[in-house]
Every structure is written in C-alpha cells, then in structure tokens.
Amino acid sequence: MKVEKIPVAPGNFNLKNYDEAYANFDWADVEKEFTWYETGKLNMAYEAIDRHLLTERKDKTALLYSDAVREESYSFAQLSELSNKFGNVLRNLGIAKGDRVFVFMPRTPELYVSVLGTLKVGAIVGPLFEAFMEAAVRDRLENSEAVAIVTTPALLSRVPVKDLPALKHVILVGAKGELEEGQVSFEAAMADATSDFEIEWVDREDGMILHYTSGSTGKPKGVLHVHNAMIQHLQTGKWIVDLQENDVYWCTADPGWVTGTSYGIFSPWLNGATMVVRGGRFTPEDWYKTIEKYKVTVWYSAPTAFRMLMGAGDEVIKQFDLSSLRHVLSVGEPLNPEVVYWGLRAFNHRIHDNWWMTETGGQLISNFRCMEIKPGSMGKPFPGIYAAIIDDQGNELPPNRMGNLAIRTGWPAMMRQIWSNPAKYQEYFNIPGWYVSGDSAYKDEEGYFWFQGRIDDVINTSGERVGPFEVESKLVEHPAVAEAGVIGKPDPVRGEIIKAFISLRDGFEPSEELMEDIRKFVKEGLAAHAAPREIEFRDKLPKTRSGKIMRRVLKAWELGLPTGDLSTMED
Ligand code: WT7
C-alpha cells in the first residue's frame with residue numbers, strides 16, 4: 001500500500017513529542033488535576049460546570065445554541081444554576097443516586113440542563129436519540145428500569161408509559177394544556193425550584209451514563225460508564241481535541257450517541273471550552289455558516305458528514321469565511337484518504353481521524369496534531385493506552401498482519417457493565433488481559449493502526465451502529481415477511497447502507513409498494529436510520545442447518561464474491 005505522509009500541522013499543541021509523552025505518561029498524574037484527588041468527593045457535573053465558577057471562567061460562555069427559531073447563549077454560571085434547579089426538580093420527585101433517568105428530546109439547551117441536573121442528584125442518565133421510535137424506546141427503558149424520562153409532547157407517543165411499570169415520572173419540555181397523572185411540566189417545575197442545591201457526591205466507580213449500542217445478536221446492550229471516565233475525557237480533550245482557552249468548539253454529534261456526550265458535553269466542559277450546538281437539520285450551507293458565524297476553531301465531526309460536504313462541492317465553501325478553523329477531527333467510521341486530501345485542498349486543514357467505541361467511553365487511538373498523518377490510518381494509541389493486534393489466542397501479531405484490534409484492559413473511561421447482562425460484558429474480555437474490540441486492523445512498522453473492518457456483522461451506516469438482528473426482528477413482524485437477512489452494503493457517502501434480503505409469506509408478491517411499506521414499517525417501528533434503503537426479495541434465504549440466516553453468504557452475493565465454506569448450510 002502506498003503510504004502518504006502529511007506534515008505536522010502548526011498549532012499550539014502542548015504534546016511536543018509523542019514518543020516521549022507515551023513513555024512517561026501516567027493516568028495518576030491526570031487525577032491530580034481534580035480536587036477529588038484529595039477530598040474523595042466527585043461528580044461529573046460538578047467538575048464539568050460548577051468547578052469553573054470558582055475561576056475566571058465563571059461568566060465565560062459555555063454553550064452557544066441555535067436552531068431555526070432559537071438563538072441563545074449560556075455561561076458556566078447559568079448552566080450551573082439551571083442544572084441545580086433541575087436537580088431540585090428531580091429530588092422533589094424522589095429521584096436519587098443510582099436511579100435511571102432518560103432524556104429523549106431534540107438537541108436543545110433543556111437537554112443539556114437535564115443531563116447535568118440528573119448527574120447532580122447522582123442518578124444515571126440515559127440519552128436517547130430523538131429519531132427512536134416506540135420499540136427502541138421501550139427496549140431501553142425496560143432493560144434499565146428507568147424511573148423517569150424527560151421528553152417533549154411531540155415524542156411522548158413513542159414512550160409506552162403504561163407498559164413500563166418502573167417509569168413513574170414523565171417530565172415534559174414545552175407541555176401545553178392539562179397534564180396527566182405522572183406528568184410534570186419542565187418549565188413549571190423549574191420556575192418553582194430553587195437554585196440552592198447540595199450536589200450528590202459520588203464514588204469514582206459509581207454509574208454515570210448508560211448508552212445503548214448494537215451488537216450482531218440480541219437486543220441493544222446498555223453500556224454503563226462511571227464518573228471516573230472524566231480523567232480520560234479531560235486529558236484526551238487536551239491532547240487529541242487540543243482544546244485551548246479561547247477555542248469555540250463544535251462537536252456535530254447528537255448526545256443520543258456517545259460522541260455527543262463524551263465529546264459533546266463532558267470533555268469540552270471539563271476543559272472549560274465554549275461549545276456550539278446546532279439543533280435541527282441543516283444543509284451544507286448551514287454547516288459552513290455555523291463555522292463562520294460562531295468563528296468555530298475546533299470542529300469534530302464524522303466521515304459521513306465530510307463526504308456529504310465534499311459531495312456538495314468546493315464552490316459552496318468559497319462563499320464562507322472558514323478562517324477561524326484551526327483543528328478538525330473525525331470519528332465513527334473509516335475516514336477515506338480522499339476525504340483527507342479534500343480537507344487539505346478545500347479548507348487547508350488536516351482532518352484528524354481517531355478511533356474509539358461506545359464501550360471504550362473515550363478516544364483511544366488518534367492522529368495527534370504533533371504527528372505526521374498517513375491518510376487512511378487511525379493513528380497511534382493515546383499515552384496510557386496499550387493497543388495491539390492479537391490473534392484469537394491473545395498472541396500479539398507482528399507489524400502488517402491483520403488481526404483483532406485489542407486494548408490492554410483498564411483505562412479510565414472503559415465501560416464497567418453491560419446493564420443487567422454480565423455474560424455479555426464478559427464476552428469482551430474472553431482473552432485474558434485484553435478488551436477485544438470486534439474490529440479487525442493491522443499496525444504498521446511505525447505503530448500506526450489501520451482499520452480493516454468489523455469481525456461481526458454490525459453495520460455502520462453514517463457513523464451509526466446498527467445491529468442486523470434488531471432490523472431482522474422488526475422485519476419479520478411485518479405481515480408479508482417470512483424471513484429476513486440484513487447486511488451492510490458499501491456506499492460512497494454513508495459508508496454502508498442497510499440492505500435487507502427478504503423472503504415473503506405465501507400469498508404475497510414482490511412489488512414496489514410492498515417494499516415501501518416494509519421500509520416504512522421499520523422506520524416507524526424502530527428508527528429511520530435502521531430502515532433498509534435497499535430491499536431484495538428472494539424465494540429462499542441461505543441458512544445454516546440450525547436455521548440461522550447466513551449473512552456472510554448474503555454479503556458475498558451482494559459483492560459478487562465467493563461464498564466460502566457452505567458446509568453448515570441447509571440444502
Ligand atoms: C465502531 C464503534 C465512539 C465513536 C463513535 C462510534 C467504528 C469508530 C472509527 C475510525 C474506522 C471506526 C468501529 C468501531 N469506528 N471510529 N476512526 N475508523 N472505524 O461509536 O457507535 O460505538 O461504533 O465504529 O467499527 O468498533 P460506536
């Protein structure tokens with residue numbers, strides 16, 4: 001493979017020498033930056049927000065929010081006060097440490113206040129992507145036995161309150177008219193609440209946030225992170241996101257996904273950064289306009305967004321002043337080399353790819369500002385992280401050999417549980433001493449990691465992880481569908497799209513209308529991003545003798561590749 005190097009970007013990055021930093025780094029030194037190192041009292045919301053009130057950051061802008069109708073800004077002091085109030089709202093409802101509180105709403109300031117207030121009472125917050133439909137909401141609230149949800153009247157119909165015995169409180173943002181039993185108006189409760197609040201101090205290993213993510217089999221898994229993750233959020237924010245005091249930082253990810261919390265709430269605010277949040281949907285022009293208007297300096301986005309912008313053409317870029325930008329990052333799926341070259345050409349910036357997962361809680365491998373970039377590579381491990389390519393027995397493989405991308409266990413932001421499923425948790429650690437990511441990769445002679453693919457069948461569409469099993473399960477609920485097999489099909493903009501192979505029940509014939517109806521069924525039952533963009537009807541699907549649909553064979557059909565060993569396939 002041809003390896004291109006892009007020279008080190010100028011900037012006031014404080015990690016001058018990667019090798020030296022890597023050799024001397026100790027997470028324990030980062031801990032010392034927090035006062036809880038001495039007091040033992042900690043809380044993520046305190047460290048991210050309240051702590052700054054003791055400094056000159058008190059009145060600094062923490063949040064610059066805008067959508068089609070609102071335009072607001074909040075200082076650290078204001079966010080502190082509002083989240084204190086919301087903490088009191090929750091406390092008045094009897095919500096306490098360890099309870100699960102979900103937030104299910106569009107990206108608005110109320111969402112951020114709700115997340116922070118939930119953490120302040122020591123409860124565990126469960127963010128839900130606003131596009132989730134009833135089945136997805138139900139699975140998550142049921143599994144975690146959530147006691148409260150903060151949502152909006154528009155989304156309420158997707159919360160099956162009556163089927164969720166643990167769910168006691170529905171807090172409605174923007175409610176109008178009469179409330180039903182168990183419902184609370186966010187605005188009214190906030191108006192009644194005082195901002196005097198005694199924060200709930202927790203232990204570093206206490207639960208903080210629950211992000212559900214997909215695997216290749218079964219229902220979504222509840223990945224639990226603890227307050228201790230702040231150590232990694234702080235330091236990666238300094239060395240990878242490169243946050244400086246005067247930065248205006250824009251993370252484009254929704255807090256329904258881990259990037260939108262770890263790097264869209266915790267990391268920037270732990271570092272005292274000013275953060276931009278855009279609500280609603282936006283066009284390529286809006287993306288650039290946001291950068292221009294807020295003079296965004298650090299921009300963290302995803303390959304699918306960069307590819308979309310690249311597709312919109314360089315002419316659009318010329319209409320905007322993007323000269324404020326000084327650092328650009330990407331995560332979520334492979335960053336194509338051509339996108340890296342486009343970034344250089346179009347706005348004269350290196351796009352810094354980095355790798356991590358919901359389960360890892362924080363960034364682990366990255367292209368750092370201080371190092372040369374090889375387009376197509378995810379970069380090198382963060383100091384304090386030992387990453388390797390191992391075989392299935394746990395032996396480290398030599399350079400350039402493809403294998404399991406694995407991390408030596410024990411880093412600050414590592415997940416601590418799969419909610420109520422210790423067996424699933426254990427599956428990640430079956431090779432002693434290692435966390436096995438499920439990605440395959442290789443490492444070159446210079447220590448750069450190169451992503452090769454997923455080992456399981458998990459689909460990555462526009463940076464969102466979709467479990468084929470969830471989609472298949474929904475598909476077979478459709479009255480016309482007998483069997484369904486779902487794969488990721490390579491796509492130039494979205495990375496992968498969801499493609500479903502379907503066999504129909506007797507009495508149903510393939511048609512365009514039926515295809516559309518099936519698509520709508522998944523969209524409304526699960527989530528828009530989980531609906532198959534392509535559907536192919538087949539008389540029979542390839543199955544093992546035990547009846548499992550062989551996605552590997554579907555994929556080979558799709559790509560026109562040999563189907564490999566078919567010895568387990570039924571006739
Ligand atoms: C999976 C994790 C936490 C980041 C958002 C996604 C893929 C992630 C990269 C990258 C190639 C990547 C992997 C990983 N992925 N970053 N830089 N290059 N692939 O979090 O939804 O938990 O997905 O996303 O396959 O396992 P996630």
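When we follow full-length UniProt numbering, the leftmost residue of the sequence shown carries the number 1, and every step to the right adds one.
Ideal Cβ placement from N, Cα and C applies to all residues, glycine included.
In three-state terms, what does DSSP make of L329?
Note: L329 maps to strand in three-state DSSP.
Among G122, V241, A135, which one has its Cα closest to the Cα of V226?
The option with the nearest alpha carbon to V226 is G122.
To the nearest angstrom, report how far apart G362 and Q232 are at their CA atoms.
The alpha-carbon atoms of G362 and Q232 are separated by roughly 6 angstroms.
Is it true that the region 486–504 meets the region 553–565, where meeting means three or more beta-carbon pairs spaced less than 8 angstroms apart?
With the cut-off at 8 angstroms, the region 486–504 and the region 553–565 touch.
So does E427 have its beta carbon nearer than 7 angstroms to some heavy atom of the ligand WT7?
Checking every heavy atom of the ligand WT7 against the Cβ of E427, none is found closer than 7 angstroms.
Cβ of H352 within 8 angstroms of Cβ of L329?
Yes, the Cβ-Cβ distance between H352 and L329 is below 8 angstroms.
Out of E47, D19, A21, which has the shortest C-alpha to C-alpha gap to K32?
Answer by Cα proximity: E47.
Helix, strand or coil, according to DSSP, for I497 in the structure here?
Here I497 sits in strand by DSSP.
Apart from the five residues on each side of it in sequence, which residues of its chain come closer than 6 angstroms, Cβ to Cβ, to D247?
Cβ neighbours of D247 beyond the five flanking positions: A273, T297, V298.
Tell me whether L141 sits in a helix, a strand or coil according to DSSP, three-state version.
In this structure, L141 counts as helix in the three-state DSSP scheme.
What's the gap between the Cα of residue 575 and the Cα of C370?
Nothing about residue 575 can be reported from this structure: the residues present for the chain run from 1 to 571 only.
Looking only at C-alpha atoms, which of N400, V436, Q417, G376 sits nearest to D392?
Of the candidates N400, V436, Q417, G376, the one whose C-alpha sits nearest the C-alpha of D392 is V436.
T55 to Q235, Cα distance in whole Å?
Cα to Cα, T55 sits roughly 20 angstroms from Q235.
By DSSP's criteria, N354 is part of a beta bridge. Which residues make up the other side?
S366, per the DSSP bridge assignment.
State the start and end residues of the unbroken beta strand (DSSP E) segment that holds Y300.
Y300 -> beta strand (DSSP E) spans 298–301.
Quick one: Cα of G495 to Cα of S185, how far?
In a straight line, the C-alpha of G495 is about 41 angstroms away from that of S185.
As a quick exercise: from I291, A484, P303, E200, pick the residue whose alpha carbon is nearest that of D99.
Nearest of I291, A484, P303, E200 to D99, Cα basis: E200.
Are the region 107–125 and the region 204–216 touching, with three or more C-beta to C-beta distances below 8 angstroms?
With the cut-off at 8 angstroms, the region 107–125 and the region 204–216 touch.
Suppose only complete runs of 4+ residues qualify. What are the alpha helix (DSSP H) ranges in the region 70–123, listed by chain order?
Entirely contained in the region 70–123, the alpha helix (DSSP H) runs reaching 4 residues are, in chain order, 76–92, 109–120.
Which value, in whole angstroms, describes the spacing of the CA atoms of K168 and E145?
In a straight line, the C-alpha of K168 is about 10 angstroms away from that of E145.
When DSSP labels each residue in this structure, what does S262 get in the three-state scheme?
Reduced to three states, the DSSP call for S262 is helix.
Are the CB atoms of T360 and A413 nearer to each other than 8 angstroms?
Yes, they are a contact pair.
Using 10 angstroms around the beta-carbon of D50, count the other beta-carbons present and answer buried if the total reaches 16, otherwise exposed.
Buried, because 16 or more other Cβ atoms sit within 10 Å of the Cβ of D50.
Give every residue of the same chain whose Cβ lies closer than 6 angstroms to the Cβ of S366, excluding the five residues on either side of it in the sequence, and list them in chain order.
Around S366: I240, N354, G379.
List the endpoints of the continuous beta strand (DSSP E) containing N228.
Unbroken run through N228: none, as it is neither H nor E.
Would you say the region 375–390 touches the region 441–455, given that touching needs at least three Cβ pairs under 8 angstroms?
Yes, the region 375–390 is in contact with the region 441–455.
Note down the Cα distance separating L309 from P284, rounded to an integer number of angstroms.
Rounded to the nearest angstrom, the two C-alpha atoms are 6 angstroms apart.
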